[in-house]
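Scroll down for the structure; my scribbles are underneath it.
Number of protein chains: 2
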Amino acid sequence: MVESHTDARPDHLVHEEAGMTDEPPIMTDGTVTTPKGFVAGSAYAGIKTYAKDKWDLGILVSERACVTVGVYTQNKFVSPSVTLTRQNVDAGRVRGLVVSSGIANTGVGAQGMVDAKETVALAAAQAGLEPGEMIIGTTGVIGVELPMALIRSGIPSIETGRDGGEQFARAILTTDRVPKSAAVQLELGGKKVTIGGCAKGSGMIHPNMATMLAYLTTDANVEKELLAAALTEVVADTFNMVDIDGDVSTNDMVVLFANGAAGNKPVAAGSAEAQAFVEALAVLSRYLSAELVRDAEGSSKIFTVHVEGARSREDARLAARAVASSTLVKAAIHGSDPNWGRAIAAVGYSGADVDVDKVSFFINDVAIMEAGTPISFHREAVIAIMSNPEVSLTVKLGIGDGSATAWGCELTEGYVQFNSAYTT
Amino acid sequence: MVESHTDARPDHLVHEEAGMTDEPPIMTDGTVTTPKGFVAGSAYAGIKTYAKDKWDLGILVSERACVTVGVYTQNKFVSPSVTLTRQNVDAGRVRGLVVSSGIANTGVGAQGMVDAKETVALAAAQAGLEPGEMIIGTTGVIGVELPMALIRSGIPSIETGRDGGEQFARAILTTDRVPKSAAVQLELGGKKVTIGGCAKGSGMIHPNMATMLAYLTTDANVEKELLAAALTEVVADTFNMVDIDGDVSTNDMVVLFANGAAGNKPVAAGSAEAQAFVEALAVLSRYLSAELVRDAEGSSKIFTVHVEGARSREDARLAARAVASSTLVKAAIHGSDPNWGRAIAAVGYSGADVDVDKVSFFINDVAIMEAGTPISFHREAVIAIMSNPEVSLTVKLGIGDGSATAWGCELTEGYVQFNSAYTT
C-alpha cells in the first residue's frame, strides 16, 4: 500500500529558459514538494474503489515551522474536515496536512468531527507532529462516514519524502482524469524561491464529488498578513472564477503553506517583492484553475470569459462568472453556436452595473456587438472559431476599469449521462 | 391571417363541483377572456416561422377602464418592450396589451424603443385606445430588430372578441409545446369574480427564447395598492420559484389587469376578501407555474422542492430555488438517483440560514436525513419513487416557520442537444 517512490524526478528548472517574459514560466512537472523543505507521501487505503489512480490517503508536511493560511467553502453544510482545518489554521501552528478521497466526511452528524479529529491525530503521529499542527482535506460521497478502520490501517503505511508530491496530487483526486500539479519560481531578495501546488476538480465529476481542493506550498519567507491577503486576492481571481456546473461544494478549500526554507528576508506587504510574489502565485493558480476546467468529466472544450471596463473588479468578477456558469452559454459553446444573446443576458442578470448602450462583445477577436448594437458578422467564420477546443468570450462594459477572467466548460450530453447515473 | 373564432367555448364552470376544498378549483379551460369585460384576438404575421402554433401577434383589451400592475425582469439588459410597458403601467391608464413572439426586441440599440412605440401605437389604434393605454410584450431571438413591415400588416387584421383568450395564449408562445391558460373563480361581496391567465415557458426552449411571460386578468374590483401588493407577493411564491435552467430573461414580465366588471365593492387591503382574492390569485399562478415547468422542452419529469422551518419566508425561497436550479440535482432527478447530498449542498450555498444539526430531508415521504444525520433508507424503493414523472423533495430546516415551494425540471441529454443547436 505504500507509495513506491521509484520514479526519478525530472529537472524542475527545464522551463527556466522561457523566463524572459514578464510572467514566471509554469513548471508543469512541479509539485507541492518542489519548494524546499516539503515532503509528502501517499497510500491506498481502500476508500476509493472506483478510480484508476487509487491513491486515496496522503500526507504533506513542511520539515520546518510554517506560516499557513487558507480560504474555505462558504457552504453552510460545511464538512467538519473544513471546520477543523480552519480552527487549526487560525491557531497558527499548522505545518502538515492529511488528505483522503472517496468519502467527503459531510452530512454524517456529530461523527464527522470525531473522525476528522482522529484522522488528524493519526496523521500527526505518523508525521511526528502534534495534532494542532495538522489539518485535513476530504472529498467524495456525502452522507457516508469516513471508513476509520481503513484510515487507521492506511496512515501508518505512508512514508513521506521529497519526491512524494506527484503521488500526493493523485491522493486528492476523485474522478478527475489526470493529476494537476505545477510550480513556478522567482527571485526574492537574491534568493530563488519556488511555489508549488496541486488541485482537484470542482464539478462535472462523480455524483457528490464536486469538490475543489487546492494545496499550495512555497519555500519563500512571507509575512503572515501578506500571505493571507495574497491568497484571498489570488483565489478570488482564479479558483473562484472556475465554473463547471455552478454548484458550490461542502468541502472546498485552498490552503497555502510558506516555510521560508529559501532563506530570503521576510517579504512584507507593499514591497515590490510582495507584488512579484503575488503575481507568481497568481500565475500558478491561474494555470491550475484552467487545468481544473480542462479536466471536467464529459467535457472536451473550455471557454474563457474576459470582462473589461466594469465599474469595479468585483462587478467584473460577477459578470464573468455569470457568463461562465450559464447553462445556456455552456450549451452554445458545446454546439459552436454564436448565440451571443445568452452571454449578454447573463451579464445583465449578474448583478454587475451595466449601461446597455456601452456594452461590446467579442467572440475571440470578432466584434459581435459594439456600444449596445449588434454588428453583422460572418457567421460561418465565427462557428469555425468556436469549433476550436478553447473559445474566448470578451465583454467590454465601457463604464470603468474593473476586469476579470472566468473559465467555463461546455455542457454536454455526456455530463448529463455521467451525473444522472446512480450514486453507487 | 385572422383568428377564426369558430370553436364553441366549453363551459367554464364545469369544475365548480370540486369547489368543496379550501382552494378554488382550477378551470383548465379558462383563459384571459374568461373574466367579464376582456376581449382578445390574434393573427399570424409571419414573425415566428418555426412553430406549430403560428399565432405570433395578439391583442388583449379590457372593454372598460382598468387597474393594471406589473412585475418585470431584473435583467439589466432589459428589452425596450419591458421599459415601455413599465412606463405606461406606472402612468396608470393601461387597459390593453399587444404581444408578439419570435423576436425579443432586445439588444438592438435605440431601434428597440422606436419599434416598441410604433407597435404599441398601431395596436392602440386597432383597439380604439390611446398609445398610453397600451403595453407590449415581446419574446424570441435577441439581437434582431422587430420585423415592423410584418407587424404593420399584421395588426390591422386582428379582431378581438370574448372568445379570443385561447388564441391569445398561443400568440405568446415560442417553442412551448402547448398553450398554458386557466382561470379560477371566487365570491367577493356576494358577486362571482373570475381571474384568468396565460403564460409562456421560461427556458429549456429555443435558443434565446428563455422568456417567462404571464398575463393575468380579473373582473374583480380591487384597489390598486392591494392589487400591486398581491401580484408582488404571489409572483415571489409562484412564477419566480420556477427554475428551468437558471437563466433570467431580458424580457420577463407578469402583468395583472383588474377591470371591476364583476360589480363587487372595491376590495381593500387587510380585509377577509383581500385574503381570499390573493389566495385565488396564488392558486391560479401556482397552476400556471407548474404548467410552465411541465412544458419545458427536452424534459418529461418535474420536481417540487418544499422548504419548511426556515428562519424566514425569504430564506425558504432562497433554499428552494437553489435546490430546484442545481444542475447536479436536475441530473439526479433525470437518473432517478437518490443523491440527496446534492440537494443538501445546494441548501448550504443558497444563502439561507442553516443549522446543520437541525436539517431533515425527504424524498416524497421517505426520510433520508433527520436532524443532520443520514437515515438508512430502502434504496430501490426510493429509486422507484423517483422514477415517477413528478418527484417531491422536502427540506425541513427546523429553525423557524418560513416555507416556500419551487419547481424544477430534470436536466436531460435532450436539453443539451436542443440548446446547442445553431440559432438559425
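One line per chain: the protein sequences are P and U, in this order.
The numbering of the first sequence is the working numbering, which starts it at 150 and goes up by one.
The numbering of the second sequence is the working numbering, which starts it at 150 and goes up by one.
Every residue, glycine too, gets a C-beta built ideally from N, C-alpha and C.
No experiment lies behind these values; they were computed from the predicted model shown.
Counting only residues of its own chain and dropping the five nearest sequence neighbours on each side, arginine 528/P has a CB closer than 8 Å to the CB of Pro487. Restricting attention to Arg470/U, Ala530/U, Trp556/U, the CA atom closest to the CA of glycine 350/U is found in Trp556/U.
If you ignore the 5 residues before and after aspartate 386/P, its C-beta comes within less than 7 Å of the C-beta of Ala431, Ala553, all in its own chain and listed in chain order. Just so you know, the alpha carbons of serine 475/U and histidine 483/U end up roughly 12 Å apart. Given a length threshold of 4 residues, each whole run of the alpha helix (DSSP H) inside the stretch 265–334 of chain U is given here in chain order: 297–303, 314–320. Contact between arginine 491/U and alanine 481/U is confirmed by a C-beta separation of about 6 Å, below the 8 Å threshold.
In this structure, glutamine 275/U keeps its C-beta atom at 7 Å or more from the C-beta atom of serine 191/U. Residue-level contact by beta carbon fails for glycine 186/P and chain U, as no gap is shorter than 7 Å. Methionine 262/P is not bridged by DSSP to any residue.
Identification of chain P residues near glutamate 562/U by a Cβ-Cβ cut-off of 8 Å yields Glu562, Val565, Gln566, ordered along the chain. The secondary-structure analysis by DSSP pairs methionine 176/U across a beta bridge with Ala332/U. Listed by position along chain P, the residues whose Cβ is nearer than 8 Å to that of serine 250/U form an empty set, because the closest Cβ is around 16 Å away. No Cβ of chain U is located within less than 7 Å of the beta carbon of valine 456/P. A straight-line Cα-Cα distance of about 10 Å links alanine 465/P and valine 454/P. Rounded to the nearest whole angstrom, the C-alpha separation of serine 211/P and arginine 244/P is 5 Å. Residue range 245–252 is occupied by the beta strand (DSSP E) that includes leucine 246/P. Across the stretch 517–549 of chain U, CB contacts with chain P closer than 9 Å involve Ile517, Met518, Ala520, Gly521, Thr522, Pro523, Arg528, Ile532, in sequence order along the chain. Taking a Cβ-Cβ cut-off of 9 Å, lysine 349/U has no neighbours in chain P, whose nearest Cβ is about 17 Å from it. Just so you know, the alpha carbons of lysine 479/U and cysteine 558/P end up roughly 18 Å apart. Using a Cβ distance threshold of 7 Å, threonine 255/P and isoleucine 291/P count as a contacting pair. Taking 7 Å as the cut-off, the Cβ atoms of valine 218/P and threonine 309/P do not count as close. By the neighbour-count criterion, in which a residue is buried when 16 or more other Cβ atoms sit within 10 angstroms of its Cβ, glutamate 539/P is exposed.
Looking at the backbone, the Cα of threonine 177/P and that of alanine 332/P are separated by about 7 Å. By the CB criterion at 7 Å, lysine 340/P and glycine 412/P fall inside the cutoff. Judged by pairs of C-beta atoms under 8 Å, the stretch 434–448 of chain U does not touch the stretch 517–528 of chain U, as fewer than three such pairs exist.
Residue pairing by DSSP places proline 538/U opposite no residue, since no beta bridge is assigned to it. Of all residues in the stretch 296–314 of chain P, none comes within less than 9 Å of chain U when Cβ atoms are compared.
In terms of beta-carbon proximity, asparagine 224/U lines the interface with chain P, with at least one pair separated by less than 7 Å.
When secondary structure is reduced to three states using DSSP, tyrosine 436/U falls in the helix class.
Distance from the CA atom of lysine 450/U to the CA atom of glycine 346/P, rounded to whole angstroms, is 43 Å. The Cβ atoms of threonine 366/U and proline 184/U sit closer than 7 Å to each other. Selection Gly338/P, Ile208/P, Gly251/P evaluated against leucine 278/P yields Ile208/P as nearest (Cα-Cα). Alanine 407/U is not a Cβ neighbour of valine 248/U, given a cutoff of 7 Å. Scanning its chain for C-beta atoms nearer than 8 Å, with the 5 sequence neighbours on each side dropped, one finds around leucine 233/P the residues Met262, Ala265, Lys266, Val269, Ile284, Ile285, in chain order.
In the three-state reduction of the DSSP assignment, tyrosine 193/U falls in the coil class. Measuring C-alpha to C-alpha distances from serine 228/U to each of Ala348/U, Ala320/U, Val397/U, Ile548/U identifies Val397/U as the nearest.
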